[in-house]
Each structure stands twice: as C-alpha cells, then as structure tokens.
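In my numbering, the protein residues as written are 111 to 350.
This report refers to the structure that appears directly beneath it.
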C-alpha cells in the first residue's frame, strides 16, 4: 500500500515590517509605494498615510461643495475644512446658499408627481411633451397636437318633425306626416304607441279592417275591398 503523508498548511515566514516607525507591524502581504519605494502595511500604504515625500500633487481626491455642487481638490496634509472654507471665500459661485438647486424633472400632467427618469419617461411624438410612462398615451396627457374628435352624429330626423300634426314612431323614430295611421317605415300602427290619433282630413274615412285612409267619395276600401257601410257599423258597435 502506498504511504500517504498527512498534509498540513504551511505558513510562509516571509514578510516585511511597515515603514512607518510608529507602526512597524509585520505584514505578510505588504505594499510597496510607487513613489518612495517604501514598504507599508494595509493601514499606511496610501501617500498621505505615510507622508510620502515624492507624492506631492498626485492626490486627486476632491470634496463636493454643498453650496455650488462643484468639486474642490484636497491638498495633501491640509484639513478638508480649511480647503472648503478657502473655496467658499474665493471660488464658490453660491457662497450664501441662496440659489436653489436644480429640481428634478417631474411629469407635467396635472396631479402627477412621477420623476422623469431614463426608465420612466417618454417623449410624445405628436406634441414633444416629456411625460411618465403612465401618461404616455395622447389622451392621457391631453396632447395638444391631437385633433379633437367631433361628437358622434345623432340620427337625422325628418324635416316634418316641426310640422303641425306630425308624429314620431316609437319603434323606429321615423317622423310620419299628419293623417298617417301607421308608420311608413316599420308599419307600426299609430294607436299602439299610446299617442292621440292624428286628425283626419275632412271628408275622408278609415277602413276598420286594414286602417287605410280612403277618399270621401269611395264606397269601398281601396286596399282590402271592405265596404264603407261595414266600417261604419263596426264603429257603431265599438261605441255601443
């Protein structure tokens, strides 16, 4: 059987002490400064942490002025508060803080407060108004370039609607002439619509069988042939 030795982790004894005298910590993963070539630990590898004499002008850190929102370069070894105070006295464009900051754009639709971000905004192709996605449709943001639609046309009524004695059919809404006993369009009788019967022209009579309006001189109905006498007798029975 092959002899297998038990493996174990071996820590390297190579390392270096931090170049800062006050620290001198042994670091197994030390950093070498790119300017002074000194070896430093994790806490002192930055230029300003070990006061590198060859790194002047290489620190590019800035602070943002809360008054004018501009970046101010920090000086090596200088208190950031002093740097900002010097900026407010000389270079700040809003030292009093009186100018209002730029407000974030919001949807212009009345009552909407959505922020117009890259993912939550769209420009209307008709009126070029930038709105949120909720109001992207033209009728949702009151698009000014969309022509107003005319109201739906109502069914035209016959000109005879204003004529004295004319009546409107309740089934098909056709306006029939005075004296008509049934609708010219659907054939519905006038009396079935619950309105008073139209006045009959003088001298004419109505057939009781087919309701045709006949001339006064006719003795028989022109439509069904019923005699005028039988129609009169039927009316008399109704009256009785």
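Ideal placement from N, C-alpha and C gives every residue a C-beta, glycine not left out.
#1: Do you know offhand how far residue 246's Cα is from residue 214's?
#2: Would you give the residue range spanned by the beta strand (DSSP E) that residue 183 belongs to?
#3: Any contact between the stretch 188-208 and the stretch 149-167? By contact I mean 3 or more CB pairs, one from each, below 8 Å.
#4: Classify residue 241 as buried or exposed, calling it buried when 16 or more other Cβ atoms lie within 10 Å of its own Cβ.
#5: Please report whether the beta-carbon of residue 161 lies at a distance below 8 Å from any beta-carbon of chain D.
#6: For residue 225, name the three-state secondary structure that DSSP assigns.
#7: What's the C-alpha gap between residue 298 and residue 237?
#8: Quick one: using the 10 Å Cβ neighbour count with 16 as the cut-off for buried, is residue 172 buried or exposed?
#9: Excluding the 5 residues flanking residue 102 on each side, which residues of the same chain have their C-beta closer than 7 Å to its C-beta?
#10: For residue 269, count the other beta carbons within 10 Å of its own beta carbon; 16 or more makes it buried, fewer makes it exposed. Which is it?
#11: Using only alpha-carbon positions, find the residue among 145, 144 and 149 that is nearest to residue 127.
#12: Need the endpoints of the beta strand (DSSP E) that residue 173 sits in, please.
#13: Would residue 275 be called buried (16 or more neighbouring beta carbons within 10 Å of its own) or exposed?
#14: Does DSSP classify residue 286 as helix, strand or coil?
#15: Could you tell me the distance, in whole angstroms, from the CA atom of residue 145 to the CA atom of residue 190?
#16: Going by DSSP, which residues form a beta bridge with residue 136?
#17: What does the Cβ neighbour count give for residue 317, buried or exposed, with the cut at 16 atoms within 10 Å?
#18: Distance check for residue 184 and residue 125, CA to CA, integer angstroms please.
Looking at the atomic coordinates:
#1: Walking along the chain shown from the start, residue 246 turns up at place 136. Walking along the chain shown from the start, residue 214 turns up at place 104. About 19 Å.
#2: To locate residue 183, count along the chain shown from 1; it is residue 73. Here the beta strand (DSSP E) through residue 183 covers 181-183.
#3: no
#4: One-based indexing of the chain shown puts residue 241 at position 131. Classification of residue 241: buried, given that the 10 Å Cβ count is 16 or more.
#5: Given the protein chain composition of this structure (a single chain), no chain D is represented.
#6: As a working note, residue 225 is residue 115 in the chain shown. Three-state result, residue 225: strand.
#7: Sequence index remark: in the chain shown, residue 298 carries index 188 (1-based). Sequence index remark: in the chain shown, residue 237 carries index 127 (1-based). Rounded to whole angstroms, residue 298 to residue 237 spans 53 Å at the Cα level.
#8: For the purposes of this step, residue 172 is taken as the residue at position 62 of the chain shown. Residue 172 comes out exposed.
#9: Because residue 102 is not part of the residues shown, which for the chain are 111 to 350, the question remains open.
#10: By one-based count along the chain shown, residue 269 stands at place 159. With a pLDDT of 44 at residue 269, under the threshold of 50, the predicted position of this residue should be treated as unreliable, though the coordinate-derived value follows. It counts as exposed.
#11: Along the chain shown, read from residue 1 onward, the residue named residue 127 stands at position 17. Among 145, 144 and 149, the Cα nearest to that of residue 127 belongs to 149.
#12: Reading the chain shown from its first residue, position 63 is the one you call residue 173. Segment 172-174, the beta strand (DSSP E) holding residue 173.
#13: Locating residue 275 in the chain shown gives position 165, counting from the first residue. Exposed: under 16 other Cβ atoms inside 10 Å.
#14: Counting from 1 along the chain shown, the entry for residue 286 is found at position 176. It is a strand residue.
#15: Residue 145 sits at position 35 when you count from the first residue of the chain shown. Residue 190 sits at position 80 when you count from the first residue of the chain shown. Residue 145 and residue 190: Cα-Cα distance of roughly 24 Å.
#16: Looking up residue 136 in the chain shown gives position 26. Per DSSP, 127.
#17: The residue you call residue 317 lines up with position 207 of the chain shown. When all chains shown are included, residue 317 counts as buried.
#18: Walking along the chain shown from the start, residue 125 turns up at place 15. Walking along the chain shown from the start, residue 184 turns up at place 74. Straight-line Cα distance between these residues: approximately 33 Å.
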